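Engineer: For the sequence shown, our numbering assigns the number 76 to the initial residue and increments by one for each residue that follows.
Note that CB positions come from ideal geometry on N, CA and C, so glycine has one too.
These numbers come from a predicted model, not from an experiment.
Pasting a structure below so you can have a look.
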Amino acid sequence: MKKINSKKKQLLILSAQTLFCRHGIKRVTVEEICAQAGVSKMTFYKYYTDKMAIARAVLELIFNQSIQKFYELTAEPVPFQHKLEKLLVMITSQIHTVGSSFLEDLMATSCPLHDYFSALQKKTREMTIDFFRAAQEAGGISGEVKMPFLLFMLDRMSELVNHPEFIAMMPDMAERASALATQLFHGFSKTR
Numbered sequence: 076m077k078k079i080n081s082k083k084k085q086l087l088i089l090s091a092q093t094l095f096c097r098h099g100i101k102r103v104t105v106e107e108i109c110a111q112a113g114v115s116k117m118t119f120y121k122y123y124t125d126k127m128a129i130a131r132a133v134l135e136l137i138f139n140q141s142i143q144k145f146y147e148l149t150a151e152p153v154p155f156q157h158k159l160e161k162l163l164v165m166i167t168s169q170i171h172t173v174g175s176s177f178l179e180d181l182m183a184t185s186c187p188l189h190d191y192f193s194a195l196q197k198k199t200r201e202m203t204i205d206f207f208r209a210a211q212e213a214g215g216i217s218g219e220v221k222m223p224f225l226l227f228m229l230d231r232m233s234e235l236v237n238h239p240e241f242i243a244m245m246p247d248m249a250e251r252a253s254a255l256a257t258q259l260f261h262g263f264s265k266t267r
């Protein structure tokens with residue numbers, strides 16, 4: 076992960092991340108980022124050409140942190156089911172951390188960062204496919220299960236873990252993730 080070398084630059088990134096995750100890109104101004112960071116606009120423009128440049132830097136930071144967590148999680152010497160549970164918790168908590176406004180702005184085709192965000196999503200999907208393929212090769216997932224279906228189910232699980240009725244039944248997110256991962260694991264496991 077690339078280290079941010081200047082304290083003021085780091086303050087700008089963290090302030091922008093907080094504001095973008097709370098309000099999205101469109102509703103945040105350079106002035107608000109500077110005010111929260113406690114730096115001048117001149118300092119802002121020393122590091123970034125505009126709001127989209129810092130939004131891209133925030134997106135890179137979030138993505139790099141997520142990749143690092145993903146690799147740490149997949150390298151743990153625990154059974155596939157536990158990795159799947161942790162993966163689901165990680166995905167869900169990151170979605171909550173990033174916030175719906177920021178995600179909506181990034182997914183809008185009119186957003187200048189849309190293509191970059193789509194490329195990052197593609198990389199994430201490829202990593203997930205590699206993770207599931209390795210699990211299939213290790214015998215954790217039946218070879219009969221097709222990858223597109225597995226990815227579809229993982230996406231639905233991410234939606235289900237935040238469903239209001241499910242939250243009412245199981246308020247603890249880790250418990251919900253575990254229950255869903257258990258169902259998915261038993262459905263896709265080689266030994267049934």
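Kindly say whether E160, judged by its beta-carbon, lies nearer than 7 Å to any beta-carbon of chain C.
Structural biologist: In the displayed structure, chain C is absent; only one protein chain is listed.
Engineer: Residues in its own chain within less than 6 Å of K161 by CB, not counting five upstream and five downstream?
Structural biologist: Translated into positions along the sequence shown, residue 161 becomes position 86. So the qualifying residues of the chain are L148.
Engineer: Our contact map puts I52 next to L136 with C-beta atoms below 8 Å; I'd like the distance itself, whole angstroms only.
Structural biologist: Residue 52 is absent from the structure shown; the chain starts at 76 and stops at 267.
Engineer: Shortest alpha-carbon distance to Q169 belongs to which of E107, P187, A254 and N237?
Structural biologist: Within the sequence shown, numbered from 1, the residue matching residue 169 stands at position 94. That would be N237, whose Cα lies nearest to the Cα of Q169.
Engineer: Terminal residues of the continuous alpha helix (DSSP H) containing S233?
Structural biologist: Sequence index remark: in the sequence shown, residue 233 carries index 158 (1-based). Per DSSP, S233 belongs to the alpha helix (DSSP H) from M222 to L235.
Engineer: If you draw a straight line from the alpha carbon of S193 to that of T167, how long is it in whole angstroms?
Structural biologist: Numbered from its first residue, the sequence shown carries residue 193 at position 118. Numbered from its first residue, the sequence shown carries residue 167 at position 92. In a straight line, the C-alpha of S193 is about 19 Å away from that of T167.
Engineer: To the nearest angstrom, report how far apart L86 and Y123 are at their CA atoms.
Structural biologist: Position 11 of the sequence shown, counted from the start, is the residue given in the question as residue 86. Position 48 of the sequence shown, counted from the start, is the residue given in the question as residue 123. Whole-angstrom Cα-Cα distance: 13 Å.
Engineer: With K101 as the anchor, note down where its alpha helix (DSSP H) starts and where it stops.
Structural biologist: Along the sequence shown, one-based indexing puts residue 101 at 26. First-last for K101: undefined, no H or E at that position.
Engineer: Could you please give the first and the last residue of the uninterrupted alpha helix (DSSP H) stretch that includes E133?
Structural biologist: If you number the sequence shown from 1, residue 133 lands on position 58. First, the residue type needs correcting, since residue 133 is Val and not Glu in the sequence shown. V133 -> alpha helix (DSSP H) spans K126 to A150.
Engineer: Assign K121 to buried or exposed, taking buried as 16 or more other Cβ atoms, counted over all protein chains shown, within 10 Å of its Cβ.
Structural biologist: Looking up residue 121 in the sequence shown gives position 46. Its Cβ having fewer than 16 others within 10 Å, K121 is exposed.
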